[in-house]
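**Q** Here it is, the structure in full.
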């Protein structure tokens with residue numbers, strides 16, 4: 095049986111070694127995956143440097159329909175990715191990446207298109223941030 | 095002049111080395127900070143092990159009014175933190191941590207109480223996850 099084809103490729107681009115760290119944590123839960131390309135942004139680098147790293151990964155692995163997950167809206171990884179997304183239509187950039195977003199992006203890559211996964215991840219962001227005390231209060235109110 | 099007192103202490107507890115990595119990325123943006131205690135959960139450990147690590151950090155640094163930021167709702171770091179929060183009233187646990195949440199938790203620790211910061215971080219989670227294409231579409235519609 096042929097493996098279902100993935101509909102988008104995932105790059106995680108973030109400050110320091112956060113992207114690699116997210117990949118390792120995804121793998122702790124999900125098992126080894128090559129579906130997620132981490133790119134680091136280190137002190138001393140500028141937008142052009144990150145853009146070059148992005149292009150290098152995209153060309154090396156011949157990626158298209160690219161989802162770039164970045165850490166911080168308006169940060170250098172986001173801004174560099176956004177300038178690339180201006181130039182090509184098959185790319186979107188999502189900020190505020192967390193572990194649930196990475197997991198869901200990897201888990202849904204054969205089922206959802208790039209256009210479908212983005213609003214889905216925005217919903218995951220809302221659903222994944224829960225507070226223990228708020229949940230306790232809700233439960234008490236239900237009793 | 096006396097430094098303003100922080101109203102809560104921040105622990106980040108996550109799979110692999112994600113907590114340390116988040117701390118390093120916070121420091122790239124925000125400068126060196128001791129306000130955030132990272133705790134890792136590594137393969138082979140169980141809930142009791144994480145709980146012991148949490149207690150060790152809390153006792154060593156004499157923490158109270160504790161905000162634990164965890165990566166995944168229902169994951170071991172969240173569950174271990176939640177069992178501790180059951181036992182003490184001055185502790186809340188928030189899942190789905192990302193870089194903006196860490197930055198805002200550190201930035202607001204002298205201005206907001208533990209009760210105030212939690213709903214604020216939930217709002218940050220929503221606001222921090224933006225998509226480049228959605229923003230472009232919104233801008234085009236405004237023209």
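Chains as they are written, first to last, in this note's numbering: chain X, 95 to 237; chain A, 95 to 237. Cβ coordinates follow ideal geometry from the N, Cα and C atoms, glycine included.
1) Bridge partners of residue 135 of chain A, per DSSP?
2) Under 8 angstroms between the Cβ atoms of residue 193 of chain A and residue 165 of chain X?
3) According to DSSP, is residue 175 of chain X helix, strand or coil?
4) Just how far apart, CA to CA, sit residue 232 of chain X and residue 120 of chain X?
5) Check whether chain A comes within 8 angstroms of residue 216 of chain X, counting only Cβ atoms and requiring the distance to be less than that.
6) Residue 197 of chain A to residue 159 of chain X, Cα distance in whole Å?
7) For a test of the three-state rule: what should DSSP assign to residue 223 of chain A, helix, strand or coil?
8) Say the cut is 7 angstroms; is the CB of residue 112 of chain A nearer than that to a heavy atom of the ligand FMN?
9) Let me check one thing: in DSSP terms, what residues is residue 231 of chain A bridge-paired to?
10) Could you compute how far the alpha carbon of residue 206 of chain A sits from the alpha carbon of residue 99 of chain A?
11) Against chain A, with Cβ distances strictly below 8 angstroms, would residue 143 of chain X count as a contact?
12) Candidates A:219, A:141, A:215 and A:224: which alpha carbon is nearest residue 80 of chain A's?
13) With H, G and I counted as helix, E and B as strand and the rest as coil, what does DSSP make of residue 207 of chain X?
14) What would DSSP say about residue 189 of chain X, mapped onto helix, strand or coil?
15) Just to confirm my understanding: we take residue 145 of chain A, look at its own chain, exclude 5 residues before and 5 after, and list those with CB closer than 7 angstroms. What are they?
16) Taking just the CA atoms, how far does residue 97 of chain A sit from residue 117 of chain X?
17) Could you tell me which chain X residues have their CB closer than 7 angstroms to the CB of residue 123 of chain A, listed as they occur along the chain?
18) Just checking: is the beta-carbon of residue 99 of chain X within a distance shorter than 8 angstroms of some beta-carbon in chain A?
19) Exposed or buried, residue 126 of chain A, counting other C-beta atoms within 10 Å across all chains shown (16 or more means buried)?
20) Helix or strand or just coil, what does DSSP make of residue 166 of chain A?
21) Of all the CB atoms in chain A, is at least one closer than 8 angstroms to the CB of residue 224 of chain X?
22) What are the start and end residues of the alpha helix (DSSP H) that includes residue 141 of chain A?
23) Who are the near neighbours of residue 218 of chain X in its chain, counting only those whose CB is closer than 7 angstroms to its CB and skipping five residues on each side?
**A** Taking the structure as given:
1) The partner list for residue 135 of chain A (beta bridge, DSSP) reads A:109 and A:110.
2) Yes; because the gap between Cβ atoms is below 8 angstroms, this pair is in contact.
3) In the structure shown, residue 175 of chain X sits in a helix (DSSP, three-state: H, G or I).
4) Straight-line measurement puts the Cα of residue 120 of chain X at about 30 angstroms from the Cα of residue 232 of chain X.
5) Closer than 8 angstroms: yes.
6) So the two alpha carbons sit approximately 31 angstroms from each other.
7) DSSP places residue 223 of chain A in coil when its eight states are reduced to three.
8) Questions concerning the ligand FMN fall outside what the structure shown contains, since it holds no ligand whatsoever.
9) BP columns for residue 231 of chain A are empty, so no partner.
10) Approximately 11 angstroms between the Cα atoms of the pair.
11) For residue 143 of chain X, the answer is no, since every Cβ of chain A falls outside 8 angstroms of its Cβ.
12) With chain A represented from 95 up to 237, any question about residue 80 of chain A goes unanswered, as that position is not in the structure.
13) Coil, per DSSP.
14) In this structure, residue 189 of chain X counts as coil in the three-state DSSP scheme.
15) Excluding sequence neighbours, residue 145 of chain A sits near 174, 177 and 178.
16) About 38 angstroms.
17) Within 7 angstroms Cβ-Cβ: 109.
18) Not closer than 8 angstroms to any Cβ of chain A, the Cβ of residue 99 of chain X fails to qualify, so no.
19) The Cβ neighbour count for residue 126 of chain A, taken over all protein chains shown within 10 Å, is under 16; the residue is labelled exposed.
20) Correct three-state label for residue 166 of chain A: coil.
21) It does: the Cβ of residue 224 of chain X has a partner Cβ on chain A nearer than 8 angstroms.
22) Annotation for residue 141 of chain A: the continuous alpha helix (DSSP H) segment containing it runs 141-154.
23) Contacts found: 194, 195 and 198.
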